[in-house]
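In mature numbering (1 follows the signal peptide of the UniProt record, and there is no 0), the protein residues as written are -39 to -1, 1 to 659.
Below you'll find the structure, written out as structure tokens, and then a few comments.
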């Protein structure tokens, strides 16, 4: 579900990239002695051109140290075709003509034996973009072993990068080539007069170029048609709007993306009335796909059609009728596209489950349609927004715990066994967290990062292509920067490797107490722990911290030094570094028990004056005096973060929303319990009298 008026969500967003040529060179690695006769150096380098467009390209470089452990590294190479680096991440890159030097940054300088680190960059080219084949690590040529074998005198032969996608007859290979994907949400799918109706700027070629440079290989372009259709029976699509959609699609194809277009919010605007208005709905639906099939008949095979977004039906008799209606839509879509000829005869077509749900019954219904159609160029799609209590932070679902993790693995396992294991590819057409509809702070940062790290890894194990939902909230569409770089770094890393995490990213020290040691549980995720660093300074193992199994303990002496004058809030930021992936940030904070004060207000505007004193709010409970649950979602005492309540640290209040008071009984006192991430709990009592609200501390 996506958009401002989805059943469980209001908005979503996205991004994409496609590689016109991917050159992966496993370059030989080096050896020899660096510095002393005892220090052996050897390395393996994997240089990958992740994307290439007119005048520009993106690349990833993975460096594996085969020799003795390194404390600081420097990789050098020469561009053979005059390329230039324009932007880099995870390394400091400098150039002198064709000569390039990439040096470690603060968190990836230590490189143990057989450990791998990677960095990426964007560059420019003209004439040719020939990949470099000879590298040197700390001045020693890489040859693939630890020794004195000289580098090859000429580069090994390589296959030219592919210029066309895998053949349409190999849908599994094509969908694998679409990974990873991005959604251009809340633009052409906006319900309104044009693509800016939901607050995003007009789509530009520069936006698509920049999205592509982030590493994305496919782009889903949701399109809502309802406001741009003529009257029955022809339901002609407004010419200017169809032209605009084709313009954006053509830009994306020219960038090298796989491109997916669909019928989007029409699903809940009018397609959902199919149980009571079958003939009119089907005629309108068929008219759209007839026109789209004609318009895009000869477009690149990398253009993919999706029959309908998040199909749903109102007023049906139940699951059996829902399944029959969706089968009719999918089958009609398939017939219209295939009969239109041209590239549509074998074009990849995406069919969703009901609600794009991964529940087994919904998956089985779609599998039956696939069996009937018997077409090798079909793709199944579902969406994934996580275990609902965690995804919106309600019912105490503040953590990405074992329950939330199992919800993910069960979902991905079901589609894997029902489709992928039978050679039917699957695209997770949207993924994210439903709490992002308001803002990304609904879920605590560390818990959020663990979710995305795990999702990226498990999707890879199940051969699922993932498409990040981005409605403008993640990638700035004019500044072309990530609004939460830490989040995207974790997502990007998850495409190729695992990252270590920990039980928390917050370490609290009470100002009112003596500082004592604090312990976090490391989630190694198949990596090994390398060390702990503050900025460019390594903390001392055994003095500043100890590691026993998966237990990382910060000593009292280190915490005392790190907290300094013990001002409220974040006193120091550390990074736990692992043998792969991105470092895990740990904030060291000073706090005291938060203090709330009496207040008066209205049901439309009530704020609890709060001295947070360095603490952070996790969730809120609401109960009547008899112990029963108060407020929305009265099946749980824990209310939904940012729907029923929301902290404002800048103004020192906790706001209680009109949605909360709309479901609070008039005249009955409600006891609120604010739960903070430090473990502190603070109570507060509110009473509604008509539209007036009074609040009392304690």
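Even for Gly, the Cβ is constructed at its ideal location relative to N, Cα and C.
- With at least 16 other beta carbons inside 10 angstroms of its own, residue 431 counts as buried.
- By the C-beta density criterion, residue 519 is buried, having at least 16 other C-beta atoms within 10 angstroms.
- A direct Cα-Cα distance of roughly 14 Å separates residue 384 from residue 375.
- The beta-carbon separation of residue 552 and residue 444, rounded to 27 Å, does not stay under the 8 Å limit for a contact.
- Distance from the Cα of residue 310 is smallest, within the candidate group 66, 453, 454 and 340, for 340.
- Under the DSSP assignment, residue 156 falls outside any alpha helix (DSSP H); it carries neither an H nor an E label.
- Contact between residue 313 and residue 133 is absent: CB atoms are separated by about 19 Å, not below the 8 Å threshold.
- In its chain, beyond the 5 residues on either side, 37 have a beta carbon closer than 6 Å to the beta carbon of residue 97.
- Taken atom to atom, the span from the alpha-carbon of residue 28 to that of residue 499 is near 22 Å.
- DSSP places residue 207 inside the alpha helix (DSSP H), whose first and last residues are 200 to 215.
- The DSSP-derived three-state label of residue 329 is helix.
- Classified as exposed, residue 199 has fewer than 16 neighbouring CB atoms from the shown chains inside 10 Å of its CB.
- For the pair residue 606 and residue 353, the Cα-to-Cα distance works out to about 12 Å.
- Excluding sequence positions up to five before and after residue 372, its CB lies within less than 7 Å of the CB of 319 and 345, all in the same chain and listed in chain order.
- Within the same chain, Cβ atoms closer than 6 Å to the Cβ of residue 91 are found at 41 and 42, the five residues on either side in sequence being excluded.
- Judged by pairs of C-beta atoms under 8 Å, the stretch 484 to 493 does not touch the stretch 48 to 67, as fewer than three such pairs exist.
- Membership of residue 378 in the alpha helix (DSSP H) is indicated by the continuous run 363 to 379.
- Residue 656 has its alpha-carbon roughly 39 Å from the corresponding atom of residue 158.
- Secondary structure of residue 404 (DSSP, three-state): coil.
- With a beta-carbon spacing of about 6 Å, residue 482 and residue 512 fall inside the 8 Å limit used to define contacts.
- Scanning its chain for C-beta atoms nearer than 6 Å, with the 5 sequence neighbours on each side dropped, one finds around residue 531 the residues 548 and 550, in chain order.
- At a Cβ-Cβ threshold of 8 Å, residue 391 and residue 161 do not count as neighbours.
- The three-state secondary structure of residue 412, taken from DSSP, is helix.
- Straight through space, the alpha carbons of residue 254 and residue 298 are spaced by roughly 6 Å.
- Using a 10 angstroms sphere on the CB of residue 75, the tally of other CB atoms stays under 16, which defines it as exposed.
- If only complete runs of 3 or more residues are kept, the stretch 589 to 654 shows the beta strand (DSSP E) at 606 to 609, 614 to 617, 630 to 637 and 642 to 650, in order along the chain.
- Taken in chain order, the complete beta strand (DSSP E) segments of 3 or more residues contained in the stretch 260 to 292 are 264 to 267.
- DSSP places residue 295 in the helix class (H, G or I) of the three-state scheme.
- Here the C-alpha atom of residue 633 lies approximately 14 Å from the C-alpha atom of residue 614.
- Taking all protein chains in view, the Cβ of residue 140 is crowded by 16 or more other Cβ atoms within 10 Å, so the residue is classified as buried.
- As DSSP reads the structure, residue 658 sits in a beta bridge with 645.
- Its chain contains 387 and 424 as the residues whose beta carbon lies nearer than 6 Å to that of residue 381, once the 5 sequence neighbours on both sides are disregarded; these appear in chain order.
- Counting of Cβ neighbours within 10 angstroms places residue 651 among the exposed residues, the total staying below 16.
- Secondary structure of residue 186 (DSSP, three-state): coil.
- Residue 539 holds the alpha-carbon nearest to the alpha-carbon of residue 460 among 517, 504 and 539.
- Judged by beta-carbon spacing, residue 335 lies beyond the 8 Å limit of residue 274, meaning their Cβ atoms are not closer than that value.
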